[in-house]
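Visitor:
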Amino acid sequence: MLNLQVGIRHAVGKLAAKPMRALQRADFDPAEKFSTRFPPAGSKLTPPHQSSEFRWKDYCPMVFRHMMELFAVSPADYMLAICGDDALRGLSSPGKSGSFFYLTQDERFMIKTVKKSEVKLLIRMLPSYYKHVRRYKSSLITRFYGVHSVKPNGGQKVRFIVMGNLFCAEHRIHRRYDLKGSSYGRKSDKYGEDTDGETTLKDLDLNFVFRMKQSRHKQFHEQLRRDCAFLESEGIMDYSLLVGVHFRDDIPGSKVGLSTLTTSDLSANMASTCQGSVSMPKPCLSAKDLEKMPYNRKPLARLGTRLPARAERRMSSSKTNSFISSSGGSENRVEAYDVLLYFGVIDILRDYDISKKLEHAYKSLQADPGSISAVDPRLYSQRFRDFMSRVFVKEG
Ligand code: ATP
């Protein structure tokens, strides 16, 4: 962690000192890596530090410098967020891949250790990724800010990416879901009503549909279609839509003021849903706060941020929890909640390589092949979008 902070301070400082220039094709070249040696005593180019000697590498730094600009992050803020004292908090590894995650104290950035193949994939698709996020400002795909590696003398190389934290929210996230649209193994071990918002729930744990205004609904699905088409064209699969839910009034599972409506109450209430008229819980960024934000720029309006919706939960007599497996039949009661949604597409650095093909073949022996996460990118994207169209629906 210390090496990472020393490296990033050096890399960002070096880059910020250079005048900004237009990107050239060569900036995207996979060979565009810059290696620096960091002896503990310091050198002409590097500061002294308290760790043992290590080698630091930056991948395509000029491209990421432009990406910061595009995502309205100043190098100074970035450096402060990552390199300040006590800036990084290790998270108990939330995923299955064994990656380590760190969150900056201000919660804006997340650092994830990744495999060599993931770095290769990101660098390979960097030109099209850059083009995509530049063209679609409301793209839901994770924002990347840097790719680096650290190799301590005599030790193993560790590669990591810096990305935006989707849940850098003014509102507390009460539930989080990692959704892929597949069902095999897509249940969290810890599911319970009283989840603290820290557990990442999965497809089979989801028992809500989210209703949104027609215009938002259209924008969301259109963007998802574009993002999925992009990922499909890059041969990528196994990504997730990470969804954070902030309940504005009642929180499911807490006994206080639970709003329970019947199905007919619900349709009568639907017209008044999601108008943004409900008072915003604190703390909230006011227009003034936004004005005062560093770098003299407001954050780009991001589609997956603070999106008002109505979360409906069908309470079936069979007590089926799962949205994915609910067959419709016997529901007679619906609970509805005003929510704000935060979401984005994460974990996009996996292509349908030989290991994923083998995983598919192996799991197909135990389960319906269509329920397995590992399928080819075209099927993956189609199933992903079908699932999202059943979960995110329009009002009325
Ligand atoms: P797996 O192998 O289980 O798919 P992984 O180790 O590859 O997981 P990710 O899927 O990238 O890791 O992330 C695991 C979890 O980390 C997510 O479910 C989510 O809770 C959290 N996470 C990842 N990326 C972000 C992000 N950009 N913003 C907020 N949370 C994130």
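Per this note's numbering, the very first residue in the sequence shown carries number 5; after that it's consecutive.
We treat Cβ as the ideally placed atom computed from N, Cα and C, and that holds for glycine.
What do you get for residue 357, buried or exposed, if any count of 16 or more other CB atoms within 10 angstroms of its CB means buried?
Guide: Numbered from its first residue, the sequence shown carries residue 357 at position 353. Residue 357 should be labelled exposed.
Visitor: Name the DSSP beta bridge partners of residue 215, please?
Guide: The sequence position of residue 215 within the sequence shown is 211, counting from 1. Paired residue(s): 314, 397.
Visitor: Within the present structure, is the beta-carbon of residue 29 separated from the nearest heavy atom of ligand 1 by less than 8 angstroms?
Guide: Here the question's residue 29 lines up with position 25 in the sequence shown. Not under cutoff, so the answer is no.
Visitor: Excluding five sequence neighbours on each side, which residues of the same chain lie with their C-beta closer than 6 angstroms to the C-beta of residue 241?
Guide: Along the sequence shown, one-based indexing puts residue 241 at 237. So the qualifying residues of the chain are 356, 381, 384.
Visitor: Ordered along the chain, which non-local residues of its own chain (more than five positions away) have a Cβ less than 7 angstroms from that of residue 16?
Guide: Working through the sequence shown from its first residue, we reach residue 16 at position 12. Correct list, in chain order: 79, 82, 83.
Visitor: Please report the distance separating the alpha-carbon of residue 236 from that of residue 88.
Guide: Here residue 236 corresponds to residue number 232 of the sequence shown, with the count starting at 1. Here residue 88 corresponds to residue number 84 of the sequence shown, with the count starting at 1. So the alpha carbons of these two residues sit roughly 38 angstroms apart.
Visitor: Between residue 426 and residue 67, what straight-line distance do the alpha-carbon atoms span, to the nearest angstrom?
Guide: Outside the displayed span of the chain (5 to 400) sits residue 426, for which this structure offers no information.
Visitor: Between residue 186 and residue 206, what straight-line distance do the alpha-carbon atoms span, to the nearest angstrom?
Guide: In the sequence shown, residue 186 corresponds to position 182, counting from 1. In the sequence shown, residue 206 corresponds to position 202, counting from 1. Using only the alpha carbons, I get a separation of about 10 angstroms.
Visitor: Given that a residue counts as buried once 16 or more other Cβ atoms are within 10 Å of its Cβ, and exposed if not, what is residue 227?
Guide: Here residue 227 corresponds to residue number 223 of the sequence shown, with the count starting at 1. Per the 10 Å Cβ criterion, buried.
Visitor: On the premise that residue 234 lies in contact with residue 345, defined as a C-beta separation below 8 angstroms, what is that separation, rounded to the nearest angstrom?
Guide: Your numbering for residue 345 matches position 341 in the sequence shown. Your numbering for residue 234 matches position 230 in the sequence shown. Not quite, the Cβ-Cβ distance comes to about 22 angstroms (not below 8 angstroms), so this is no contact.
Visitor: Whole angstroms are fine: how far does the CA of residue 42 sit from the CA of residue 50?
Guide: Position 46 of the sequence shown, counted from the start, is the residue given in the question as residue 50. Position 38 of the sequence shown, counted from the start, is the residue given in the question as residue 42. One C-alpha to the other measures close to 6 angstroms.
Visitor: Quick one: using the 10 Å Cβ neighbour count with 16 as the cut-off for buried, is residue 248 buried or exposed?
Guide: Numbered from 1 along the sequence shown, position 244 holds the residue referred to as residue 248. It counts as buried.
Visitor: Pull up the DSSP beta-bridge partners for residue 117, would you.
Guide: By 1-based counting over the sequence shown, the position of residue 117 is 113. Its beta-bridge partners are 164.
Visitor: When the Cα atoms are used, what is the spatial distance from residue 220 to residue 310?
Guide: Position 216 of the sequence shown, counting from 1, holds the residue named residue 220. Position 306 of the sequence shown, counting from 1, holds the residue named residue 310. Answer to the nearest angstrom: the Cα atoms are 12 angstroms apart.
Visitor: Taking the alpha-carbon positions, what's the residue 59 to residue 397 distance?
Guide: Position 55 of the sequence shown, counted from the start, is the residue given in the question as residue 59. Position 393 of the sequence shown, counted from the start, is the residue given in the question as residue 397. Cα to Cα, residue 59 sits roughly 50 angstroms from residue 397.
Visitor: Please indicate yes or no: does the CB of residue 68 lie closer than 8 angstroms to some heavy atom of ligand 1?
Guide: Here residue 68 is taken as the residue at index 64 of the sequence shown, counted from 1. No, the Cβ of residue 68 stays beyond 8 angstroms of every heavy atom of ligand 1.
Visitor: Taking 8 angstroms as the cut-off, is the CB of residue 180 close to at least one heavy atom of ligand 1?
Guide: For the purposes of this step, residue 180 is identified with residue 176 of the sequence shown, where counting begins at 1. It does: the Cβ of residue 180 is within 8 angstroms (strictly closer) of some heavy atom of ligand 1.
Visitor: Could you work out which residue in 182, 317, 155, 136 is closest to residue 229 when comparing CA atoms only?
Guide: Start at 1 with the first residue of the sequence shown, and residue 229 comes out as number 225. Looking at the Cα atoms, 136 is the closest of the given residues.
Visitor: Beta-carbon separation of residue 402 and residue 342 under 9 angstroms?
Guide: Lying outside 5 to 400, the shown extent of the chain, residue 402 is not represented and no answer is given.
Visitor: Please go through the same chain and pick out, in chain order, the residues whose beta-carbon is closer than 7 angstroms to the beta-carbon of residue 353, but skip the five residues on each side of it.
Guide: Walking along the sequence shown from the start, residue 353 turns up at place 349. Closer than 7 angstroms at Cβ, skipping near neighbours: 118, 122, 125, 126.
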